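A.B. asks: Below you will find the structure I want to go over with you.
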Amino acid sequence: MRPESDRLGVLTDHHCHGLVTTDLERDGFEALMNEAPGASPLGTSLFDSMLGLAIRRHCAPLLDLEPLAPADAYLARRRELGATEVNRRFLTASGIGTFLVDTGLDGPGGTALTTPAELAGLADGDAYEVVRLERVVEEVLREETADVPGAVEDRLRTSGAIAAKSIAAYRVGLDLPAEKPGPDALVAALRDADPQRVAERAVSGWLAHTALELGLPLQIHTGYGDPDLDLLAADPLHLTPFLRGTQDLGVPVLMLHTYPFHRHAAYLAQVFDHAFMDLGLAVHNTGALSAGPIRETLELVPFGSLLFSTDAYGLAEHYLLGALLFRRGFARMVDDLLADGDLGEDDAAHLAGMVARDNAARVYGL
Amino acid sequence: MRPESDRLGVLTDHHCHGLVTTDLERDGFEALMNEAPGASPLGTSLFDSMLGLAIRRHCAPLLDLEPLAPADAYLARRRELGATEVNRRFLTASGIGTFLVDTGLDGPGGTALTTPAELAGLADGDAYEVVRLERVVEEVLREETADVPGAVEDRLRTSGAIAAKSIAAYRVGLDLPAEKPGPDALVAALRDADPQRVAERAVSGWLAHTALELGLPLQIHTGYGDPDLDLLAADPLHLTPFLRGTQDLGVPVLMLHTYPFHRHAAYLAQVFDHAFMDLGLAVHNTGALSAGPIRETLELVPFGSLLFSTDAYGLAEHYLLGALLFRRGFARMVDDLLADGDLGEDDAAHLAGMVARDNAARVYGL
Amino acid sequence: MRPESDRLGVLTDHHCHGLVTTDLERDGFEALMNEAPGASPLGTSLFDSMLGLAIRRHCAPLLDLEPLAPADAYLARRRELGATEVNRRFLTASGIGTFLVDTGLDGPGGTALTTPAELAGLADGDAYEVVRLERVVEEVLREETADVPGAVEDRLRTSGAIAAKSIAAYRVGLDLPAEKPGPDALVAALRDADPQRVAERAVSGWLAHTALELGLPLQIHTGYGDPDLDLLAADPLHLTPFLRGTQDLGVPVLMLHTYPFHRHAAYLAQVFDHAFMDLGLAVHNTGALSAGPIRETLELVPFGSLLFSTDAYGLAEHYLLGALLFRRGFARMVDDLLADGDLGEDDAAHLAGMVARDNAARVYGL
């Protein structure tokens, strides 16, 4: 199931999650579709959205249904085939060859999601682990270790992860300190911290600086997310002092999602050497309209600073749609530019390769 | 005067105002056109705008003139026909069947505008009243009632209004308290309040919470408005704590206008069950370019959470253009999606019906 | 080198800078291309961007190369021709007849840029000087004058400049005081000020109010700029109190650049009589995608309140591209509106003339 025009080829998904391995009823499926907790008693089905249309249009044929099959027929067929077969079909069709998997988020109700190795197996590709910083410090705190900072650093050093992930946006907002918090401030903040949910600015800042000092590329949630978020505090522009303070380290900082602040992130990715961005999560959620944000992003971001990701979580549809719609939006923009003489075929191939794979290979040293 | 393609049919305008019933000279007309107080001594005519072009293009033929007739000819013909005839022609042509009228705003210089019943009569439709919260509390304060909160609640309970309207954005910004202010905080704030213009956060918060507790859907001004506004404080994202604090009540909160923060509102309308939005005021002001904001809005908002409104005020042109341009922008987007196979004719009819009428019927219990 | 469709004719560039007069190696050229300090060790060439494509596509033919010639070939040919010939070719081709030049910014490493008279000579046009407020006060402070405010006012009065320029966005953010700071506050702030880099809110506010009181139109940097900037503090909406406080003076305030907050600036330019805006810097940086921001801007800004500028600095490519891409984006929008019947040829000519020249002539009294 390739889109009409594809210029990207095999993709590296630099930020994603595992999949649910059980079969889902309509409620369970809708709860995983987008960032709403589920269908609203005041509203209508979440299928009445650009994402819902995209699932019915692009995913149904992969389950041997007509395009735009009704939601109930789609979900019945999905259960009939079983989660493993469905996951395999969508991952194979996505054309993603490499997965960087954030393993710090469990499935619904604390259930297990597919591991990076299982994901790679389903797609016949490669997978790497991204370690979630907040999860590490919370585990260490719950173990009542004497030297919490030392233990966190040890785990990051030996985790085998290819990158670190920060969800500071959900905990304290993105106004992270430009300088690494000193030992006193850190100890005081750790003393106040809830080991179930660390939400101290000094801890979030220390984690982010520490990851970079250890040479781990730092993925940071910005923009669009679930209702736990204060979206204004997740505007990537709040990272400006942090980016200014960390640019001399020369370790990449990757702003995830970024929508609806993708133009803000594109600005940062232009003016800071070590700042990179993606549109994950936003692409599949905006469905057939995702070409708009893709185009807006490319106004300012250097092609060398944009990465592909799906931010898929739970549903394999996210992988298929994230890839397919990004291919479509990117190809349409390139086709328009070619038609106007604004770039040549060689340029198109060069720039597409950067965005699809080469930037990720360079940034993460794959 | 229907646009080239209409998929919406009869519309419910869930937020609008009455019309001026006197004939207008050019100054008076320009003062009512958009959110500027009038033409600028440093600038040029307000007809030199997308709204001005839209009036000359779409409204002139309804007054028996050629499309794009000059502004002076247009205004002369408007006076010749007289306000009542002009109002009747535009309202009939708008295809609006139901009006929810905010009666809390007078005409220029304190003059009377058409009542909801008069509006309904001009359009041969139905009308309901929306009660403006600030006006109620200011009236009660001016009467020096002993129990102000009790009197406000009584009036809201017996007002017969179908919804309440808050202009907190103009008075204190949208950072309303997540919890209903307690009696002490309320009494203190009411003691400080100017009965001509209440601008206390505790009062605005108490009014908004009270309306919801009484089961009244709450319309809130957000985004675009006149120069009294601090537009940054009118970003609907400031409502996040209020929405989080009121979601369990299950009573709708309707974010009005939302432009240029329509993507922010669409996010809230996706993740909060009881949050809804419109693009009123922005559609007619952006004229032929309104298709852009409509498309951006639909990226994330569930079709079940978007309503139609004009926010028409004073000039019947606002009704005609708000309806016509929303029809046009919506139809063009749907036509594009159909052409690409991204939805089917059945989907188009279903989603259009929701936005045009069905969401309003469900939300307000019409 | 005219774009395919031009509706603007001879342009007045109401905000720009001088050009480098020496020949540039690749590093020196890339350092001047956009708002990044140079190519990133983690990234790729800055030519891998919409601006880079636009240079290769539109500028190469003016140096007798094929469109989309490789960057190295382009730069070699540029050096071969020499900076003076290159500057002459691009300026002539830009179709700009009048330049308002901000002379407050030196070239790389403190080198001299072309003077306004030299620019005018290269283009066979006219040039006027815009005086940078921060530079004036810093010069006066370094001279240890007794009466600093008096000396600043004298220099502004006798500068011969046609307008003043504020970079408050870089120093204190755009939340300038609504009222002119009094003598005590000013004296205290001047005492604290660093004569190399004044960054006191009271000083920035006093300078802006003083320029307007002297009748000098005030250009203010807003939005997009280099990494010294806190972009959130450069949102033009922070100017709301300042605009409210200065509207009775009747002297124009011109919001420069504005991207990615161009819709915010367009709102201010609609509701405040004395507020004007441009898209300089953003147009050439967003290359072939600049049509998007131009269209978004025109949603709300009155045609009488939008001006053309390039914000060219150092490289003559900025003049060529700023003009060519603005012509192209404006013409495409107008052509679309004409095709839909949304305006007529007379309207198109009238509105284009305003944006290209007439607004600048009126605002600056040219």
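Protein chains in written order, with this note's numbering: chain C, 2 to 367; chain U, 2 to 367; chain D, 2 to 367.
The C-beta atom is built at its ideal place from N, Cα and C for all residues, glycine as well.
Predicted model, so just to flag it, every value in this text is computed and none were measured.
1. Going by alpha carbons, who is nearest to F273 of chain C out of C:F262, C:G246, C:A292?
2. Does any residue of chain U have a CB that is nearer than 8 Å to the CB of Y231 of chain C?
3. Quick check for students: name the residue ranges of the beta strand (DSSP E) that lie wholly in the segment 213-294 of chain D, counting only runs of 3 or more.
4. With a cut-off of 8 Å, do at least 3 Cβ pairs link the segment 341-350 of chain C to the segment 19-31 of chain C?
5. Is the Cβ-Cβ distance between A317 of chain U and N88 of chain U less than 8 Å?
6. Could you give the residue range of the alpha helix (DSSP H) that holds F327 of chain D?
7. Assuming A128 of chain D is part of the beta strand (DSSP E), what are its boundary residues?
8. Quick test of your reading: S50 of chain C and F304 of chain U, contact by CB under 8 Å. State the CB separation rounded to the nearest angstrom.
9. If you measure between the beta carbons of L68 of chain D and P62 of chain D, is that distance less than 8 Å?
10. Go ahead and pull the three-state DSSP assignment for G151 of chain U.
11. How big is the Cα-Cα spacing for P38 of chain D and A124 of chain D?
12. Which same chain residues end up closer than 8 Å to G183 of chain D when comparing Cβ atoms and leaving out the 5 residues on each side of it in sequence?
13. Taking DSSP as the reference, what is the three-state secondary structure of T298 of chain C?
14. Could you round the C-beta distance between A270 of chain D and V302 of chain D to whole angstroms and report it? I think they count as a contact, below 8 Å.
15. Grouping DSSP H, G and I as helix and E and B as strand, with all else coil, what is H351 of chain C?
16. Which residues of the segment 323-349 of chain U have a Cβ closer than 9 Å to any Cβ of chain C? Give them in chain order.
17. Could you give the DSSP three-state label for C307 of chain D: helix, strand or coil?
18. I'd like the span of the beta strand (DSSP E) that includes T23 of chain D, first residue to last.
19. So which of C:G83, C:E31, C:A212 has the shortest CA-CA distance to P109 of chain C?
20. Can you confirm whether P4 of chain C, when its beta carbon is compared against all beta carbons of chain D, has any partner nearer than 8 Å?
21. List the residues of chain C that S41 of chain D touches, going by C-beta distances under 7 Å, in chain order.
22. In whole angstroms, give me the CA-to-CA distance for L326 of chain D and G174 of chain D.
23. Along chain D, in chain order, which residues have C-beta atoms closer than 7 Å to that of G44 of chain U?
24. Taking only three categories from DSSP, how would you classify L191 of chain D?
25. Could you give the DSSP three-state label for T448 of chain D: helix, strand or coil?
26. For A164 of chain U, write down the residues that DSSP places opposite it in a beta bridge.
27. Specify, as a first and last residue, the run of the beta strand (DSSP E) that D14 of chain D falls within.
28. Short of 8 Å in beta carbon distance, which residues of its chain neighbour A357 of chain U, apart from the five on each side in sequence? Order them along the chain.
29. Quick check on Q197 of chain D: buried or exposed, where buried means 16 or more other Cβ atoms within 10 Å of its Cβ?
30. With distances taken between CB atoms, is the gap from G315 of chain C to L33 of chain C smaller than 8 Å?
31. Is there a C-beta anywhere in chain U that falls below 8 Å from the one on R192 of chain D?
32. Please confirm whether A147 of chain U and L157 of chain U have their CB atoms less than 8 Å apart.
33. State the start and end residues of the unbroken beta strand (DSSP E) segment that holds G98 of chain D.
34. I'd like to confirm the pairing. Which residues does DSSP put opposite R198 of chain D in its beta bridges?
35. Straight-line CA distance for T22 of chain C to V137 of chain C?
36. So which residues of chain D does L251 of chain C contact, with C-beta pairs closer than 8 Å?
C.D. replies: Short version:
1. C:G246
2. Before going further, note that residue 231 of chain C is Asp rather than Tyr in the sequence given. At least one chain U Cβ lies under 8 Å of D231 of chain C.
3. 219-223, 254-258, 276-278
4. no
5. yes
6. 317-340
7. 127-133
8. 6 Å
9. Note on identity: in this sequence residue 68 of chain D is Pro, with Leu being the wrong assignment. The answer is yes: Cβ separation under 8 Å.
10. helix
11. 28 Å
12. none
13. helix
14. 5 Å
15. helix
16. M334, D337, L338, D341, G342, D343, L344, G345, D347, D348
17. Just to set this straight, residue 307 of chain D is Leu in the shown sequence, not Cys. DSSP places L307 of chain D in strand when its eight states are reduced to three.
18. Element bounds for T23 of chain D: n/a, residue is neither H nor E.
19. C:E31
20. No answer about P4 of chain C holds up, because its pLDDT of 45 lies below 50 and its placement is not dependable.
21. D274
22. 30 Å
23. D274, P303, G305, S306
24. helix
25. Lying before the first or after the last residue shown, residue 448 of chain D is absent from chain D, which here runs from 2 to 367.
26. U:V131
27. 12-17
28. L9, G10, V11, L12, T13, F309
29. exposed
30. yes
31. no
32. no
33. 97-103
34. D:D195
35. 25 Å
36. Note that residue 251 of chain C corresponds to Gly in the displayed sequence, not to Leu. Correct list: P42, L43.
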